[in-house]
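Enquirer: Residue numbering for the sequence shown follows numbering that gives the first Met the number 0, beginning at 0 and increasing consecutively.
In this text, a Cβ means the ideal position worked out from N, Cα and C, and glycines have one as well.
None of the values given here were measured: they were computed from a predicted structure.
Could you have a look at this structure, given as structure tokens, before my questions?
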Amino acid sequence: MSTVALRSLVKRYGNVNAVDDITLDVAEGQLVALLGPSGCGKTTTLRMIGGFVEASAGSILIGGTDVTRLPPARRNIGFGFQSYALFPHMSVAQNVAFGLEMRRLPRAEIAQRVNQALDRVRLRAMADRLPKHLSGGQQQRVSLARALVIEPSLLLLDEPLSNLDAQLRGEMKLEIRQIQKAMGITTIFVTHDQDEALSIADRIVVMRSGRIEQDGTPESVFAAP
Ligand code: ADP
Ligand code: ADP
């Protein structure tokens with residue numbers, strides 16, 4: 000559980016500033032929605048925090064440590080994608096274990112942590128199945144378990160609900176929020192959907208054209224001016 004600080008963060012593609020001088024402080028345990036129309040720079044911001052896109056300028060601090068030049072694997076971040084990005088030939092448990100095996104943890108500890116993560120998303124009974132035998136909502140929960148099993152100091156979610164139907168979206172929203180609060184894990188959540196941001200986030204940061212346009216509680220951001 001860590002604070003996140005973005006300091007004058009910029010990403011340029013050619014002469015386009017996809018992210019144009021973002022400064023933001025996220026408190027420990029806060030669930031922040033980055034909200035804005037397509038192309039405003041949400042995903043690019045998230046990918047810079049995750050280390051998958053290199054910042055053109057500025058810096059990123061996680062728990063007070065400057066991670067701007069660290070590779071993704073050294074940032075201790077859990078990442079949930081819009082497409083679940085599960086390995087199709089691996090079972091649910093193998094998918095969840097993957098990050099721990101990369102870290103060369105002892106077998107018994109891996110098994111224990113995978114079971115705990117699967118319990119958290121109520122999928123222990125599905126441990127030996129292949130992803131293709133799971134529903135979309137279940138696959139999304141595997142992806143969440145895989146992000147959480149490394150005990151990340153920060154959780155980044157990119158449109159985690161957008162591939163789900165309306166009912167599942169409502170259920171996953173509650174589930175993400177409940178797990179996020181139970182673990183107290185600092186979370187940044189990208190969405191283009193106002194209602195989603197309003198109903199899940201502690202705080203909403205509205206982006207437009209690479210900049211922060213509004214920042215506050217859901218009530219204050221959506222209050223009439
Ligand atoms: P959002 O997630 O809010 O939809 P993005 O962060 O994906 O926005 O994109 C912000 C801007 O940066 C857009 O104009 C997009 O076309 C541009 N962009 C994103 N990735 C690249 C890239 N790899 N190369 C060039 N331009 C990019
Ligand atoms: P998303 O909004 O989920 O990032 P996009 O369709 O905008 O999805 O982008 C898909 C991929 O293409 C991303 O890796 C993004 O960085 C890249 N991309 C987006 N816009 C551009 C662009 N103008 N030129 C090159 N790559 C881009």
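Which same chain residues, not among the five before or five after Val66, have their C-beta less than 6 Å away from its C-beta?
Expert: Start at 1 with the first residue of the sequence shown, and residue 66 comes out as number 67. If we look at Val66 and ignore the five residues flanking it on each side, its Cβ neighbours are Ile59 and Arg74.
Enquirer: Leaving aside the five residues before and after Arg112 along the sequence, list all residues of the same chain whose C-beta is less than 7 Å from its C-beta, in chain order.
Expert: Taking the first residue of the sequence shown as position 1, residue 112 is located at position 113. Taken in chain order, the residues that qualify are Leu99 and Val148.
Enquirer: Just mark Val204 as buried or exposed, buried being the case when its beta carbon has 16 or more other beta carbons within 10 Å.
Expert: Along the sequence shown, read from residue 1 onward, the residue named residue 204 stands at position 205. Flag for Val204 reads buried.
Enquirer: Considering only DSSP beta bridges, list what Ser156 is partnered with.
Expert: As a working note, residue 156 is residue 157 in the sequence shown. Correcting the residue type first, residue 156 is Leu in the shown sequence and not Ser. In DSSP, Leu156 forms a bridge with Gly79 and Phe188.
Enquirer: By DSSP's criteria, Ser58 is part of a beta bridge. Which residues make up the other side?
Expert: By one-based count along the sequence shown, residue 58 stands at place 59. Ser58 is bridged to Arg6.
Enquirer: Report yes or no: do the stretch 164-180 and the stretch 43-63 share at least 3 C-beta pairs separated by less than 8 Å?
Expert: In short, these stretches do not touch, since the Cβ pair count stays below three.
Enquirer: CB-CB under 7 Å to Leu85, same chain, minus the five flanking residues each way: which ones, in chain order?
Expert: In the sequence shown, counting from the first residue as 1, residue 85 sits at position 86. For Leu85, where only same-chain residues beyond five positions count, the Cβ hits under 7 Å are Asn94, Pro130, Gln138, Val141 and Ser142.
Enquirer: Please report the straight-line C-alpha distance between Thr216 and Ser161, rounded to a whole angstrom.
Expert: In the sequence shown, residue 216 corresponds to position 217, counting from 1. In the sequence shown, residue 161 corresponds to position 162, counting from 1. Computed Cα separation, rounded: 23 Å.
Enquirer: In chain order, what are the residue ranges of uninterrupted alpha helix (DSSP H) at least 4 long that sit wholly in the stretch 106-187?
Expert: Correct list: 106-119, 135-147 and 165-182.
Enquirer: Are the stretch 30-50 and the stretch 192-200 touching, with three or more C-beta to C-beta distances below 8 Å?
Expert: The stretch 30-50, when compared against the stretch 192-200, does touch it at the 8 Å Cβ threshold.
Enquirer: Going by C-alpha distance, which of Gly28, Asp19 and Thr185 is nearest Gly38?
Expert: On the sequence shown, residue 38 is found 39 positions in, with the first residue counted as 1. Checked all of Gly28, Asp19 and Thr185; the closest Cα to Gly38 is Asp19.
Enquirer: Check this for me: beta carbons of Asp157 and Gly50, under 8 Å apart or not?
Expert: Along the sequence shown, read from residue 1 onward, the residue named residue 157 stands at position 158. Along the sequence shown, read from residue 1 onward, the residue named residue 50 stands at position 51. For Asp157 and Gly50, no; Cβs fall outside 8 Å.
Enquirer: What residues does ligand 1 have around it, judged by CB closer than 5 Å to any heavy atom, in chain order?
Expert: Any residue whose Cβ sits closer than 5 Å to a heavy atom of ligand 1 makes the list: Tyr12, Ala17, Ser37, Gly38, Cys39, Gly40, Lys41, Thr42 and Thr43.
Enquirer: Taking its Cβ as the centre, do 16 or more other Cβ atoms sit within 10 Å of Lys180, making it buried, or is it exposed?
Expert: Counting from one through the sequence shown, the residue named residue 180 turns up at place 181. Exposed, since its Cβ has fewer than 16 Cβ neighbours within 10 Å.
Enquirer: Write down every uninterrupted run of the beta strand (DSSP E) in the stretch 15-52 whose length is 3 residues or greater and which is fully enclosed by it, in chain order.
Expert: The stretch 15-52 contains these whole beta strand (DSSP E) runs: 15-25 and 30-34.
Enquirer: What separation, rounded to the nearest whole angstrom, lies between the Cα atoms of Ser219 and Glu212?
Expert: As a first step, residue 219 is located in the sequence shown; it is residue number 220 there, counting from the start. As a first step, residue 212 is located in the sequence shown; it is residue number 213 there, counting from the start. Computed Cα separation, rounded: 13 Å.
Enquirer: Of all the options Pro36, Ala144 and Ser134, which has the alpha carbon lying nearest to the alpha carbon of Phe97?
Expert: Taking the first residue of the sequence shown as position 1, residue 97 is located at position 98. When each option's Cα is compared against that of Phe97, the closest is Ala144.
Enquirer: What residues in its chain sit with their C-beta under 7 Å from that of Ala56, if we drop five residues either side in the sequence?
Expert: Taking the first residue of the sequence shown as position 1, residue 56 is located at position 57. The residues are Ser7 and Val9.
Enquirer: State buried or exposed for Thr185, treating a residue as buried only when at least 16 other CB atoms are found within 10 Å of its CB.
Expert: Taking the first residue of the sequence shown as 1, we reach residue 185 at position 186. That one is buried.
Enquirer: In angstroms with no decimal places, state the Cα-to-Cα distance between Asp118 and Glu27.
Expert: For this step, residue 118 is matched to residue 119 along the sequence shown. For this step, residue 27 is matched to residue 28 along the sequence shown. C-alpha separation (whole angstroms): 24 Å.
Enquirer: In this structure, does DSSP put Val239 in helix, strand or coil?
Expert: Residue 239 falls outside the range modelled here, since the chain spans only 0 to 224, and no answer is possible.
Enquirer: On the criterion of 16 or more Cβ atoms from any shown chain inside 10 Å, does Met125 qualify as buried, or is it exposed?
Expert: The count along the sequence shown starts at 1 and reaches residue 125 at position 126. The residue is buried, with at least 16 neighbouring Cβ atoms inside 10 Å.
Enquirer: When the Cα of Asn16 is compared with those of Leu69, Ser208 and Pro87, which residue comes out closest?
Expert: Within the sequence shown, residue 16 is the residue found at index 17, counting from 1. Among Leu69, Ser208 and Pro87, the Cα nearest to that of Asn16 is on Ser208.
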